[in-house]
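Residue numbers (this note's numbering), protein chains in the order written: chain G, 16 to 352; chain E, 16 to 352.
Number of protein chains: 2
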Amino acid sequence: MAKKLGRATWLMDSFVSVSAFASSAGKKESEGPFGSIFDYVDPDDRFGQQSFEEAESAMQGLTLQTAIEKRGIKPEEIDILFGGDLLNQCIGTSFALKDFRVPFLGIYGACSTISEGLLLSSLSVDSGIAERTANITSSHFCTAERQYRFPLEYGGQRTPNSQWTATACGAIILEKGIEPPFIKAVTVGTIEDKGIVDANNMGAAMAPAAYSTIKQFFEDTGLLPDSFDFIVTGDLGLVGSRLLIELAEADGIDLRSRHLDCGKMLYEIDRQDVHAGGSGCGCAASMLCGHFLPSLKSGRMKNILFAATGALLSPTSTQQGKSIPGISHLAWISGEA
Amino acid sequence: MAKKLGRATWLMDSFVSVSAFASSAGKKESEGPFGSIFDYVDPDDRFGQQSFEEAESAMQGLTLQTAIEKRGIKPEEIDILFGGDLLNQCIGTSFALKDFRVPFLGIYGACSTISEGLLLSSLSVDSGIAERTANITSSHFCTAERQYRFPLEYGGQRTPNSQWTATACGAIILEKGIEPPFIKAVTVGTIEDKGIVDANNMGAAMAPAAYSTIKQFFEDTGLLPDSFDFIVTGDLGLVGSRLLIELAEADGIDLRSRHLDCGKMLYEIDRQDVHAGGSGCGCAASMLCGHFLPSLKSGRMKNILFAATGALLSPTSTQQGKSIPGISHLAWISGEA
Chain G
16 MAKKLGRATW
26 LMDSFVSVSA
36 FASSAGKKES
46 EGPFGSIFDY
56 VDPDDRFGQQ
66 SFEEAESAMQ
76 GLTLQTAIEK
86 RGIKPEEIDI
96 LFGGDLLNQC
106 IGTSFALKDF
116 RVPFLGIYGA
126 CSTISEGLLL
136 SSLSVDSGIA
146 ERTANITSSH
156 FCTAERQYRF
166 PLEYGGQRTP
176 NSQWTATACG
186 AIILEKGIEP
196 PFIKAVTVGT
206 IEDKGIVDAN
216 NMGAAMAPAA
226 YSTIKQFFED
236 TGLLPDSFDF
246 IVTGDLGLVG
256 SRLLIELAEA
266 DGIDLRSRHL
276 DCGKMLYEID
286 RQDVHAGGSG
296 CGCAASMLCG
306 HFLPSLKSGR
316 MKNILFAATG
326 ALLSPTSTQQ
336 GKSIPGISHL
346 AWISGEA
Chain E
16 MAKKLGRATW
26 LMDSFVSVSA
36 FASSAGKKES
46 EGPFGSIFDY
56 VDPDDRFGQQ
66 SFEEAESAMQ
76 GLTLQTAIEK
86 RGIKPEEIDI
96 LFGGDLLNQC
106 IGTSFALKDF
116 RVPFLGIYGA
126 CSTISEGLLL
136 SSLSVDSGIA
146 ERTANITSSH
156 FCTAERQYRF
166 PLEYGGQRTP
176 NSQWTATACG
186 AIILEKGIEP
196 PFIKAVTVGT
206 IEDKGIVDAN
216 NMGAAMAPAA
226 YSTIKQFFED
236 TGLLPDSFDF
246 IVTGDLGLVG
256 SRLLIELAEA
266 DGIDLRSRHL
276 DCGKMLYEID
286 RQDVHAGGSG
296 CGCAASMLCG
306 HFLPSLKSGR
316 MKNILFAATG
326 ALLSPTSTQQ
336 GKSIPGISHL
346 AWISGEA
């Protein structure tokens with residue numbers, strides 16, 4: 016049974032193993048510095064579908080199916096599936112999953128969804144509630160643009176601090192086992208709101224949440240940043256990453272030397288004209304499944320903290336002049352037993 | 016540790032007690048047959064706020080605070096808070112909870128949210144992951160109408176099978192204890208989609224999901240409907256309830272004599288002109304917290320199955336002509352040890 020440490024961290028009591036994972040992405044993501052890491056790349060981001068929403072669901076279905084096949088199981092061998100996405104009412108996920116016929120719990124953590132799923136999954140597996148779980152999440156540039164900002168046809172200008180929603184997806188299967196990587200601990204985030212109101216600067220809105228959760232993990236466990244190869248955030252981008260480093264520095268914590276941000280990694284920021292970097296549930300999920308989990312599995316990395324970050328706003332709250340609450344959930348993922 | 020039975024049911028191993036609960040509602044709900052059961056009724060549905068979205072958040076904050084005070088604890092004594100709502104990106108919940116400073120996991124199950132929260136909470140408490148959890152969910156007629164259908168000012172006609180989104184909220188605190196009511200078992204739902212495309216007939220879209228989960232519970236446990244005082248669904252309304260009874264009858268299961276539906280109970284359907292009944296996350300949550308939990312606590316009821324039901328559609332999926340996937344999660348709630 017996972018042991019609770021401090022306010023919000025749980026240390027696993029058993030070997031909770033990431034037994035399979037898969038990722039997929041769109042064309043622009045395939046042209047970035049990590050373009051070759053995905054299991055599947057769609058040449059036109061449509062995944063063979065008529066609408067972009069259907070494309071996002073197809074991407075999720077394909078990615079989950081790939082993870083299931085890599086593990087060599089059938090969907091009915093999954094006890095619980097945790098999933099969600101950025102679309103209103105999480106329709107990307109509900110339409111993707113309906114043919115899998117697996118007991119399903121919908122989660123919403125905006126771009127922190129992959130961490131939230133990992134967290135619920137690893138607690139479920141460690142405690143014996145589930146023998147095997149799966150997580151899925153995604154984002155799609157074209158569904159997000161028309162829902163959160165403008166229809167693509169409008170050709171709206173993007174502000175300097177805006178981020179590019181990744182067309183990407185990650186799926187993970189967890190169960191007890193002796194094959195790395197392992198989920199060693201998780202920290203549940205708390206909603207943080209420092210009053211940022213610019214919906215085109217989500218990195219700034221999410222940085223305090225990322226820092227709060229990372230700090231909570233260190234407080235709860237007594238560990239220090241130098242126990243980890245990397246401290247990875249989800250999609251803070253250029254602006255949010257800088258703020259994270261500064262927030263930590265103000266507390267005398269040096270994150271600079273080991274911080275990575277999936278939103279800064281997924282694209283070559285200048286060449287690909289993504290302004291402050293990548294974002295979206297799929298950004299952190301695809302980098303985790305395409306890059307970090309393979310690196311931990313092969314031994315190239317030993318330990319990372321993975322803290323995906325979500326901005327809990329909606330266009331309605333923005334139109335009403337409200338600030339942007341953020342949240343970040345964290346998993347300590349290890350390549351060592 | 017909860018014992019898994021069959022495909023999707025978990026039987027609790029300890030006394031998971033509902034240690035506090037609270038409900039609140041709007042004016043119309045207070046004029047219904049259960050109008051006197053709520054802890055708080057707002058006279059104009061605005062809960063002292065400027066916008067309806069802020070009103071919904073204020074209602075959640077107030078209801079959670081009431082439950083916390085009834086239990087005589089402080090927010091920091093809650094290990095994990097599970098919450099969500101119907102608004103895009105679940106902003107009702109994120110804005111409501113940001114001042115509570117409790118580790119938060121967002122969930123999305125549309126109107127099944129209160130069941131999904133109960134399920135995750137009771138598994139967390141039973142397994143020892145959390146000592147104490149809280150659940151919160153809500154809906155608001157005015158936020159739902161403008162988001163899902165028409166702005167109120169438009170005065171759109173409502174179709175005969177449409178349901179009235181309740182302005183209502185429920186909050187529940189769970190922990191191990193010897194005071195009833197207890198959560199005895201839970202069943203995780205699977206997405207069901209029988210091809211209903213009429214977004215004004217959500218009862219029909221959700222009935223197969225409710226039936227699937229209820230049937231799964233009976234299959235997994237070997238229990239029969241006559242073990243329960245009532246089998247309660249969330250918001251199937253008149254149309255969905257009829258379909259549920261018929262689906263069960265086709266399998267030789269008689270639910271007629273013990274089925275209740277919160278959507279049929281919350282309003283006096285003809286006098287209050289709510290067409291096919293009530294709906295919304297708050298409908299099932301407020302009836303659970305205002306009526307069923309007190310009845311189980313006082314011994315007026317001994318055992319109920321509580322299966323809130325969610326329609327996993329969005330206006331976008333409806334506009335694209337897609338069908339409506341449904342889901343229902345179930346909890347067996349008992350007044351007996």
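Yeah, the Cβ is synthetic: ideal placement off N, Cα and C, and Gly gets one too.
* Asked: Looking at the structure shown, is residue 136 of chain G part of a helix, part of a strand, or coil, going by DSSP?
  -> Taking the first sequence and counting its residues from 1, one reaches residue 136 of chain G at position 121. Note: residue 136 of chain G maps to helix in three-state DSSP.
* Measuring CB to CB, does residue 52 of chain G end up less than 8 angstroms from residue 305 of chain G? -> Residue numbering aside, residue 52 of chain G sits at position 37 when the first sequence is read from its first letter. Residue numbering aside, residue 305 of chain G sits at position 290 when the first sequence is read from its first letter. The answer is yes: Cβ separation under 8 angstroms.
* Could you give the distance in angstroms between the alpha-carbon of residue 23 of chain G and the alpha-carbon of residue 297 of chain G? -> Along the first sequence, one-based indexing puts residue 23 of chain G at 8. Along the first sequence, one-based indexing puts residue 297 of chain G at 282. If I take the Cα positions, the gap works out to 25 angstroms.
* Determine the chain G residues that contact residue 116 of chain E at a beta-carbon separation under 7 angstroms, and present them in chain order. => Residue mapping note: residue 116 of chain E aligns to position 101 of the second sequence, counting from 1. Neighbourhood of residue 116 of chain E in chain G, by CB distance below 7 angstroms: 205, in chain order.
* Locate the alpha helix (DSSP H) running through residue 254 of chain E, then write down its first and last residues. => For the purposes of this step, residue 254 of chain E is identified with residue 239 of the second sequence, where counting begins at 1. 252-265 is the extent of the alpha helix (DSSP H) around residue 254 of chain E.
* **Residues sharing a beta bridge with residue 320 of chain G, DSSP** => Within the first sequence, numbered from 1, the residue matching residue 320 of chain G stands at position 305. DSSP output for residue 320 of chain G lists G/246 and G/347 as bridge partner(s).
* Who are residue 275 of chain G's beta bridge partners in DSSP? -> Working through the first sequence from its first residue, we reach residue 275 of chain G at position 260. Per DSSP, G/247.
* To do: Can you say whether residue 295 of chain E is buried or exposed, counting buried as having 16 or more other CB atoms within 10 angstroms of its CB?
  => The residue labelled residue 295 of chain E in the question sits at position 280 within the second sequence. Residue 295 of chain E should be labelled buried.
* Might you give, ordered along the chain, the residues of its own chain that have their beta carbon closer than 6 angstroms to the beta carbon of residue 310 of chain E, omitting 5 neighbours on each side? => Numbered from its first residue, the second sequence carries residue 310 of chain E at position 295. Excluding residues within five positions, the ones whose Cβ falls inside 6 angstroms are 316.
* **Closer than 8 angstroms at the beta carbon, the chain G residues around residue 9 of chain E** => The first residue shown for chain E is 16 and the last is 352, placing residue 9 of chain E beyond what the model contains.
* Does the beta-carbon of residue 328 of chain G have 16 or more other beta-carbons within 10 angstroms, so that it is buried, or is it exposed? -> Numbered from 1 along the first sequence, position 313 holds the residue referred to as residue 328 of chain G. It counts as buried.
* **CB contact below 8 angstroms: residue 125 of chain E versus chain G** => The residue you call residue 125 of chain E lines up with position 110 of the second sequence. Residue 125 of chain E counts as touching chain G.
* Among E/251, E/157 and E/138, which residue has its Cα nearest to the Cα of residue 69 of chain E? -> For the purposes of this step, residue 69 of chain E is identified with residue 54 of the second sequence, where counting begins at 1. Per the Cα distances, E/157.
* Flag residue 343 of chain E as yes if its beta-carbon sits less than 8 angstroms from any beta-carbon of chain G, otherwise no. => Within the second sequence, numbered from 1, the residue matching residue 343 of chain E stands at position 328. Residue 343 of chain E does not count as touching chain G.
* For residue 244 of chain G, I'd like the list of residues in its chain whose CB is within less than 8 angstroms of its CB, leaving aside the five on either flank, ordered along the chain. => Numbered from its first residue, the first sequence carries residue 244 of chain G at position 229. The residues are 273, 316, 317, 318 and 319.
* Terminal residues of the beta strand (DSSP E) in which residue 235 of chain E lies -> The residue given as residue 235 of chain E occupies position 220 in the second sequence. Where residue 235 of chain E is concerned, there is no enclosing beta strand (DSSP E), although the alpha helix (DSSP H) it sits in stretches over 217-236.
* State the Cα-Cα distance for the pair residue 59 of chain G and residue 42 of chain G, rounded to the nearest angstrom. => For the purposes of this step, residue 59 of chain G is taken as residue 44 along the first sequence, with counting starting at 1. For the purposes of this step, residue 42 of chain G is taken as residue 27 along the first sequence, with counting starting at 1. Roughly 6 angstroms separates the two Cα atoms.
* Asked: Quick one: any contact between the region 167-181 of chain G and the region 272-289 of chain G, if contact means 3 or more CB pairs under 8 angstroms?
  -> yes
* To do: Return helix, strand or coil for residue 103 of chain E, following the three-state DSSP convention.
  => In the second sequence, counting from the first residue as 1, residue 103 of chain E sits at position 88. Residue 103 of chain E falls in the helix class under three-state DSSP.
* In chain G, which residues lie less than 8 angstroms from residue 68 of chain E when you measure between Cβ atoms? -> Taking the second sequence and counting its residues from 1, one reaches residue 68 of chain E at position 53. What residue 68 of chain E touches in chain G: 331, 332 and 335.
* To do: Tell me whether residue 33 of chain G is buried or exposed, calling it buried when 16 or more other Cβ atoms sit within 10 Å of its Cβ.
  => Stepping through the first sequence from its first residue, residue 33 of chain G is reached at position 18. By the neighbour-count rule (16 or more Cβ atoms within 10 Å), residue 33 of chain G is buried.
* To do: Please decide whether residue 214 of chain G counts as near chain E, where near means a Cβ-Cβ distance under 8 angstroms.
  => Within the first sequence, numbered from 1, the residue matching residue 214 of chain G stands at position 199. No, its Cβ sits nowhere closer than 8 angstroms to a Cβ of chain E.
* **Cβ-based contacts, 8 angstroms cut-off: residues of the region 154-168 of chain E near chain G** => Per Cβ criterion, the list reads 162.
* **Contact with chain E by residue 59 of chain G, beta-carbon distance below 8 angstroms** => Indexing the first sequence from 1 puts residue 59 of chain G at position 44. Closer than 8 angstroms: no.
* For residue 178 of chain E and chain G, any beta-carbon pair shorter than 8 angstroms? -> Counted from its first residue, the second sequence places residue 178 of chain E at position 163. Not one chain G Cβ lies under 8 angstroms of residue 178 of chain E.
* Residue nearest to residue 36 of chain G in terms of C-alpha spacing, selected from G/344, G/133 and G/227 -> Here residue 36 of chain G corresponds to residue number 21 of the first sequence, with the count starting at 1. Residue G/133 is the option with its Cα nearest to residue 36 of chain G.
* In terms of alpha-carbon separation, which member of G/28, G/228, G/96 and G/264 lies closest to residue 324 of chain G? -> In the first sequence, counting from the first residue as 1, residue 324 of chain G sits at position 309. Among G/28, G/228, G/96 and G/264, the Cα nearest to that of residue 324 of chain G belongs to G/228.
* Thinking C-beta only, is residue 93 of chain G closer than 8 angstroms to residue 204 of chain G? -> Working through the first sequence from its first residue, we reach residue 204 of chain G at position 189. Working through the first sequence from its first residue, we reach residue 93 of chain G at position 78. Taking 8 angstroms as the Cβ cut-off, residue 204 of chain G and residue 93 of chain G do not qualify as a contacting pair.
* To do: Mind reading off the beta-carbon distance from residue 79 of chain E to residue 115 of chain E? Whole number of angstroms is fine, and I expect it under 8 angstroms.
  => Reading the second sequence from its first residue, position 64 is the one you call residue 79 of chain E. Reading the second sequence from its first residue, position 100 is the one you call residue 115 of chain E. Rounded, the Cβ-Cβ distance is 7 angstroms, consistent with contact.
* Using a Cβ cut-off of 8 angstroms, pull out every chain G residue sitting near residue 208 of chain E, in sequence order please. => If you number the second sequence from 1, residue 208 of chain E lands on position 193. Contact note: residue 208 of chain E reaches chain G through 113, using a C-beta cutoff of 8 angstroms and chain order.
* Between residue 119 of chain G and chain E, is there a C-beta pair that is closer than 8 angstroms? -> Along the first sequence, one-based indexing puts residue 119 of chain G at 104. Yes, because at least one Cβ of chain E sits closer than 8 angstroms to the Cβ of residue 119 of chain G.
* Going by C-alpha distance, which of E/207, E/326, E/47 and E/67 is nearest residue 166 of chain E? -> Along the second sequence, read from residue 1 onward, the residue named residue 166 of chain E stands at position 151. Looking at the Cα atoms, E/67 is the closest of the given residues.
* Distance, Cα to Cα, residue 149 of chain G vs residue 63 of chain G? -> As a working mapping, residue 149 of chain G is identified with position 134 in the first sequence. As a working mapping, residue 63 of chain G is identified with position 48 in the first sequence. Between residue 149 of chain G and residue 63 of chain G, the C-alpha separation is close to 24 angstroms.
* Helix, strand or coil: which one does DSSP assign to residue 307 of chain G? -> Here residue 307 of chain G is taken as the residue at index 292 of the first sequence, counted from 1. Note: residue 307 of chain G maps to helix in three-state DSSP.
* Reduced DSSP category for residue 328 of chain G - H, G, I as helix; E, B as strand; rest coil -> As a working mapping, residue 328 of chain G is identified with position 313 in the first sequence. The answer is coil: DSSP assigns residue 328 of chain G none of H, G, I, E or B.
* Partner residues on chain G for residue 122 of chain E, Cβ-Cβ distance less than 8 angstroms -> Counting from 1 along the second sequence, the entry for residue 122 of chain E is found at position 107. By Cβ distance, chain G contributes 120, 121, 122 and 123.
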